[in-house]
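See below for the structure under consideration.
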Amino acid sequence: MASTREWDVIVVGSGNAGFSAALSATDSGASKVLLIDKCPEDWVGGNSYFTAGAYRITHNGLPDILPIVNNVSAEQAAKIDLAPYTFADFAQDMKKVCAGRSDPALSSALIGDSNNAIKWLATKGVRFQLSFNRQAYEVDGRIKFWGGLCVKTEDGGKGLIADEWAAAKRQGVQFSWSTGLLGVSRDDRTGLLHATVSTGGAQKVLVTKALIFAAGGFESNPKLRSQFLGPGWDMAMVRGTPYNTGDCLEMAVRDLDARAVGNWSGCHATCWDANANPHIGDREASNEYTKSGYPLGLMLNVEGNRFVDEGIDMRNYTYAKFGRAILGQPDHVAFQVWDAQMTPLLRSEEYREERVDRITAATLEQLADKCAELGLRNKEQFLDTIQTYNQAVYAHRRHNPAAKWDPAVKDGLSTQSSSVKLPLAKSNWALPLDQGPFLAVKVTCGVTFTFGGLQVDPSTAQLLSATTGKPLPGLYCVGEMMGGLFYENYPGGSGLTSGAVFGRRAGRAAAESLKEKRASKI
């Protein structure tokens with residue numbers, strides 16, 4: 001990386017959004033594209049590496065999806081129930097999950113371009129699959145997809161980053177690792193951007209016509225988490241990269257007149273293995289420390305009380321906020337509990353013995369004793385909560401004998417009947433926990449990404465000025481750094497889709513701006 005070389009486009013960040021931007025820029029005619037990241041090369045991928053690789057997209061049902069996936073046999077296809085997921089469906093989910101606060105133009109761009117953007121990634125060699133293990137259950141001989149989400153990448157985030165990195169190399173993108181962006185200034189005479197970076201123990205200045213921020217949020221910075229998310233958030237565990245510390249966010253607001261927007265006190269925070277490293281993600285285990293089987297059982301805090309409605313909605317719409325609920329409990333931990341009916345349905349990648357400390361017992365009393373050795377304070381309340389829950393489930397079944405348990409839909413099996421109503425319902429999938437052996441795991445809050453960010457033009461992802469509201473020439477922002485899209489929660493899979501949609505738009509707009517500049521000189 002020559003310090004005096006002039007680049008067409010510099011992309012800051014090596015996650016899905018950054019790679020999408022780099023690929024799009026080269027597609028659109030930018031011949032000199034440099035991707036930098038302050039992480040070393042063996043940490044390529046940002047938080048995208050640690051995801052399950054799920055993309056939420058609109059589609060017209062199975063025939064629309066089959067051409068881009070590689071794991072469906074003809075025999076399987078004949079058994080699959082996959083309803084179309086329309087623009088209206090996606091929009092309704094965004095409205096519901098994000099409390100109606102998502103920027104309408106950003107949301108419309110995300111939804112409207114979702115299908116096309118993912119098919120574009122497929123042409124780049126990203127290997128997509130139907131997400132049988134995470135998003136489907138076999139019910140009455142049919143494979144039923146649920147929650148509006150059906151597509152993932154092969155080998156999750158690991159496979160996604162491997163495929164995007166390989167595509168970027170094929171398209172001539174250059175890379176500079178362990179290269180942190182310290183500042184950006186503009187040459188008023190030429191309009192070129194001067195990016196000061198730290199690399200190899202020295203500072204260098206890179207010259208570029210356009211710069212695309214894709215450097216993530218501030219979820220790995222305990223100081224900023226406490227400052228913006230609130231007290232106690234310094235205790236949340238980091239799910240992914242330790243390099244998303246908010247440096248570029250702060251620099252853009254402070255030095256570039258970028259406008260801060262969105263839900264700065266909000267984040268994606270999920271149920272996470274309490275025994276994981278609190279400060280850094282595990283690149284081998286990756287997303288497998290997620291513990292998302294709570295709809296099949298119960299979650300109880302160390303005082304022995306439930307604190308969320310585990311069945312209030314499909315997991316896709318609750319997992320990103322239940323981590324916050326766990327963080328608010330005593331000691332910031334909880335126990336997920338199941339009986340023998342449900343343990344076979346838990347995903348092995350999250351709950352197998354090699355990946356989690358499984359607390360097993362033949363009886364609930366023995367389970368309570370074992371949990372007490374790991375932090376449960378009130379065994380009696382723990383047992384009373386489960387017994388009271390069971391009684392409410394039995395009552396509901398007596399009043400609704402024809403009701404059928406179905407994990408692929410909101411089945412209405414609950415704890416609420418005309419004779420018994422719990423103060424905190426389990427609204428769906430409520431089966432009694434009464435068949436041993438029993439299983440529990442200890443979980444905490446794992447923070448994934450923050451929602452606050454910078455305002456952009458939805459059509460180009462160009463940064464907007466806090467002073468004038470107009471686009472800042474040559475500056476773009478995508479991925480977790482972009483604000484205004486998610487509030488309080490997000491529909492599962494829409495984060496990676498956002499990175500692809502707006503990364504593609506930013507790369508194209510940056511390259512198109514170069515053509516305009518060249519034309520103006522002729």
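Number 329 in the UniProt record's numbering belongs to position 329 of the sequence shown; there are no gaps in the numbering. For every residue, glycine included, the Cβ atom is placed at its ideal position computed from N, Cα and C.
{"Check": "Residue burial classification, Thr4 (beta-carbon count within 10 angstroms, cutoff 16)", "Outcome": "Any reading at Thr4 must be qualified, since the residue scores a pLDDT of 49, below 50, and its modelled position is unreliable; the value itself is stated next. Counting Cβ neighbours within 10 Å, Thr4 comes out exposed, since fewer than 16 surround it."}
{"Check": "Span of the beta strand (DSSP E), counted from its first residue to its last, around Cys271", "Outcome": "267–273"}
{"Check": "Cβ separation of residue 525 and Ser28, assumed to be a contact under 8 angstroms, to the nearest whole Å", "Outcome": "The structure shown does not extend to residue 525, since the chain is modelled only from 1 through 522, so no value can be given for it."}
{"Check": "Limits of the beta strand (DSSP E) - the one that Cys248 falls within", "Outcome": "No beta strand (DSSP E) contains Cys248, which is instead part of the alpha helix (DSSP H) from 247–255."}
{"Check": "Buried or exposed by the 16-neighbour rule on C-beta atoms within 10 Å, applied to Val205", "Outcome": "exposed"}
{"Check": "Cut-off 6 angstroms between Cβ atoms - residues of its own chain near Ala2, not counting five sequence neighbours on either side", "Outcome": "The predicted position of Ala2 is uncertain, since its pLDDT is 46 and thus under 50; no value can be drawn from it."}
{"Check": "Given Gln135 as reference, the closest of Met314, Ala466, Met237 once Cα atoms are compared", "Outcome": "Met314"}
{"Check": "Through-space distance from Gly217 to Lys379, alpha-carbon basis", "Outcome": "40 angstroms"}
{"Check": "As assigned by DSSP and simplified to three states, the class of Glu488", "Outcome": "coil"}
{"Check": "First and last residue of the uninterrupted beta strand (DSSP E) at Val393", "Outcome": "Unbroken run through Val393 is the alpha helix (DSSP H), 379–399; no beta strand (DSSP E)."}
{"Check": "Limits of the beta strand (DSSP E) - the one that Pro407 falls within", "Outcome": "Where Pro407 is concerned, there is no enclosing beta strand (DSSP E), given that its DSSP letter is neither H nor E."}
{"Check": "Any chain C beta carbon closer than 8 angstroms to Arg186", "Outcome": "Of the protein chains in the structure, only one exists, and it is not chain C."}
{"Check": "Complete alpha helix (DSSP H) runs within the segment 3–88 (minimum length 4 residues, chain order)", "Outcome": "16–27, 62–65, 74–77"}
{"Check": "Beta carbon of Thr51 nearer than 8 angstroms to that of Leu496", "Outcome": "yes"}
{"Check": "Through-space distance from Cys39 to Lys517, alpha-carbon basis", "Outcome": "33 angstroms"}
{"Check": "Cβ-Cβ distance between Ala500 and Tyr476 below 8 angstroms", "Outcome": "no"}
{"Check": "Neighbourhood of Ala269 by C-beta, 6 angstroms cutoff - its chain only, sequence neighbours within 5 removed", "Outcome": "Gly323, Arg324, Cys445, Val447"}
{"Check": "Inter-residue spacing [alpha-carbon to alpha-carbon] between Ala168 and Val11", "Outcome": "12 angstroms"}
{"Check": "Burial state of Phe335, where buried means 16 or more other Cβ atoms lie within 10 Å", "Outcome": "buried"}
{"Check": "Per-residue burial, Phe128 [other beta carbons within 10 Å of its own, 16 or more giving buried]", "Outcome": "buried"}
{"Check": "Candidates Ala274, Asn60, Ala17, Ser220: closest to Leu121 by CA position", "Outcome": "Ala17"}
{"Check": "Limits of the unbroken beta strand (DSSP E) element including Glu138", "Outcome": "136–139"}
{"Check": "Expected contact under 8 angstroms - CB spacing of Thr415 and Ala392 to nearest Å", "Outcome": "4 angstroms"}
{"Check": "Reduced DSSP category for Ser226 - H, G, I as helix; E, B as strand; rest coil", "Outcome": "helix"}
{"Check": "Extent of the continuous beta strand (DSSP E) to which Leu193 belongs", "Outcome": "193–199"}
{"Check": "C-alpha gap between Thr26 and Val33, whole angstroms", "Outcome": "7 angstroms"}
{"Check": "Test item: CB-CB of Leu327 and Gly232 under 8 angstroms", "Outcome": "yes"}
{"Check": "Spatially closest choice to Gly262 from Gly13, Leu454, Thr467, by CA coordinates", "Outcome": "Leu454"}
{"Check": "Which listed residue (Val420, Trp405, Ala276) has its alpha carbon closest to that of Asp140", "Outcome": "Trp405"}
{"Check": "Nearest-angstrom beta carbon gap, Leu23 and Lys152 [assumed within contact, 8 angstroms]", "Outcome": "Lys152 to Leu23, Cβ: 20 angstroms. No contact."}
{"Check": "Buried or exposed (CB count within 10 angstroms, at least 16 for buried), Asn133", "Outcome": "exposed"}
{"Check": "Between the CA atoms of Gly246 and Asp64 - distance to the nearest angstrom", "Outcome": "38 angstroms"}
{"Check": "Where Gly503 sits in the DSSP three-state scheme", "Outcome": "helix"}
{"Check": "Span of the alpha helix (DSSP H) around Tyr319", "Outcome": "319–327"}
{"Check": "Minimum C-alpha distance to Phe486 - residue among Asp255, Met251, Glu219, Gly100", "Outcome": "Gly100"}
{"Check": "Ser513 - DSSP class collapsed to helix/strand/coil", "Outcome": "helix"}
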